[in-house]
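According to the UniProt record's numbering, the stretch in the sequence shown is residues 1 to 209, in order. Positions of the beta carbon are idealized from the N, C-alpha and C atoms, including for glycine.
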Amino acid sequence: MSRGKFIILEGGEGSGKTTIVERLKKELPDIVYTQDPGGTALGEQIRDLLMSEKTSGIDARSELFLFLVSRAELVAEVIRPALESGKNVISNRFGLSSIAYQIYGRERPDLLPLYRSVSDFILEGTKPDACILLDVTPEIGIARVRARPGEQTRFDKETLAFHARVREGYKKHVGEFGKPFVIDSDKPLEDVWTEVLKTVNLVLFGTNQ
Ligand code: TMP
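Pasting the structure below:
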């Protein structure tokens, strides 16, 4: 049985990831879809904690570790077993988010070696084949977040300067997570969707159809 393919979908707030994943689920239902942080019982609890105000102001190192613990569980419980059984996996966010948010957003370049060594330890070679980055201008992305119903997380509420640093981190490191595909997500959703579907088909099946 050949190993499945692993694609990660990344992008700043308001880049359209969640809507795109919902469409992918309908279009390509045989793929295993998951989200980071989350995707497991422990991971979902860590996600709730990380998104809530309970963790606002925590040390940047503690924040990074919480994301890494959720990811360790996600890889061990969901992603690695699925890939080994030949299934394709798409994750809404993965390690590139930690570099973008905890290292660049939080302005902690000193934590990059820690991120890398712990990631090597938890991933044990489980690496993405491709990374689709939905690249959005922070002003546009944040305006979309503010316009939608529902509560904003403490990350949504960060300053525009924070989101600009996140975008910089994304662009600098997108090449470290398999084959990079950067899609202009300032464009209307329908255009972004067409590009994403084309890219996923190309990575999984070697065709644009
Ligand atoms: P979302 O999945 O609904 O986009 O929310 C996840 C939030 O967590 C988002 O604001 C980005 C943030 N995040 C990090 O700061 N570091 C990480 O490693 C991951 C995976 C997400």
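Is the beta carbon of Phe181 closer than 8 Å to that of Ala130?
One-based indexing of the sequence shown puts residue 130 at position 130. One-based indexing of the sequence shown puts residue 181 at position 181. Yes. Within cutoff.
Host beta strand (DSSP E) of Ile7 (start-end)
Counting from one through the sequence shown, the residue named residue 7 turns up at place 7. Phe6 to Gly11 is the span of the beta strand (DSSP E), which, as asked, contains Ile7.
Within-8 Å CB hit, Leu123 to chain D
This model lacks chain D altogether; it includes just one protein chain.
By the three-class DSSP mapping on this structure, what secondary structure does Lys198 have?
Position 198 of the sequence shown, counted from the start, is the residue given in the question as residue 198. Here Lys198 sits in helix by DSSP.
Going by beta-carbon coordinates alone, are Asn92 and Lys5 separated by less than 8 Å?
Stepping through the sequence shown from its first residue, residue 92 is reached at position 92. Stepping through the sequence shown from its first residue, residue 5 is reached at position 5. In this structure, Lys5 does not lie closer than 8 Å to Asn92 by Cβ.
Ordered along the chain, which non-local residues of its own chain (more than five positions away) have a Cβ less than 7 Å from that of Ile142?
Within the sequence shown, the letter at position 142 stands for residue 142. Closer than 7 Å at the Cβ level, and outside the excluded window around Ile142, lie Glu13, Gly14, Leu160 and His163.
Listed in chain order, which residues are found with a beta carbon closer than 5 Å to a heavy atom of the ligand TMP?
Asp36, Phe67, Arg93, Ser97, Ser98, Tyr101 and Phe155
Integer-rounded CB distance, given that Asp184 should sit under 8 Å from Asp110
The residue you call residue 110 lines up with position 110 of the sequence shown. The residue you call residue 184 lines up with position 184 of the sequence shown. In fact, because the Cβ distance is near 32 Å, the residues do not count as touching under 8 Å.
Would you grab the beta carbon distance between Glu73 and Leu42 for me? Rounded to a whole angstrom, and I think it's under 8 Å.
The residue labelled residue 73 in the question sits at position 73 within the sequence shown. The residue labelled residue 42 in the question sits at position 42 within the sequence shown. Contact flag correct, Cβ pair sits at about 5 Å.
C-alpha gap between Val145 and Arg116, whole angstroms
Residue mapping note: residue 145 aligns to position 145 of the sequence shown, counting from 1. Residue mapping note: residue 116 aligns to position 116 of the sequence shown, counting from 1. The alpha-carbon atoms of Val145 and Arg116 are separated by roughly 30 Å.
Option nearest Arg108 by Cα separation, candidates Arg61, Trp193, Ser97 and Leu83
Working through the sequence shown from its first residue, we reach residue 108 at position 108. Closest option to Arg108, Cα to Cα, is Arg61.
For the segment 114-146, list the alpha helix (DSSP H) runs that are entirely contained and at least 4 residues long, ordered along the chain.
none
Who does Lys179 pair with in a DSSP beta bridge?
Counting from 1 along the sequence shown, the entry for residue 179 is found at position 179. Lys179 pairs with Ala130.
CA-to-CA distance, Met51 to Gly150, given in whole angstroms
In the sequence shown, counting from the first residue as 1, residue 150 sits at position 150. In the sequence shown, counting from the first residue as 1, residue 51 sits at position 51. For Gly150 and Met51, the distance between alpha carbons rounds to 13 Å.
Here's a check: name, in chain order, each residue in its chain whose Cβ is nearer than 7 Å to the Cβ of Arg106, leaving out the five neighbours to either side.
Within the sequence shown, numbered from 1, the residue matching residue 106 stands at position 106. Contacts found: Ala60.
Within 10 angstroms of its Cβ, does Gly57 collect 16 or more other Cβ (buried), or is it exposed?
Position 57 of the sequence shown holds residue 57. The residue is exposed, with fewer than 16 neighbouring Cβ atoms inside 10 Å.
Does DSSP put Thr55 in a helix, in a strand, or in coil?
As a first step, residue 55 is located in the sequence shown; it is residue number 55 there, counting from the start. Thr55: helix per DSSP, three-state reduction.
Among Val78, Ile132 and Gly38, nearest to Asn201 - alpha-carbon criterion
Locating residue 201 in the sequence shown gives position 201, counting from the first residue. It is Ile132.
On a Cα-Cα basis, can you pick out the residue from Asp186, Met1, Leu204 and Lys172 that is closest to Gly86?
Translated into positions along the sequence shown, residue 86 becomes position 86. Ranking the options by Cα distance to Gly86, first place goes to Met1.
Quick check on Ala147: buried or exposed, where buried means 16 or more other Cβ atoms within 10 Å of its Cβ?
Your numbering for residue 147 matches position 147 in the sequence shown. Its Cβ having fewer than 16 others within 10 Å, Ala147 is exposed.
Beta carbon of Val192 nearer than 8 Å to that of Ile20:
On the sequence shown, position 192 is the one that residue 192 refers to. On the sequence shown, position 20 is the one that residue 20 refers to. Contact: yes.
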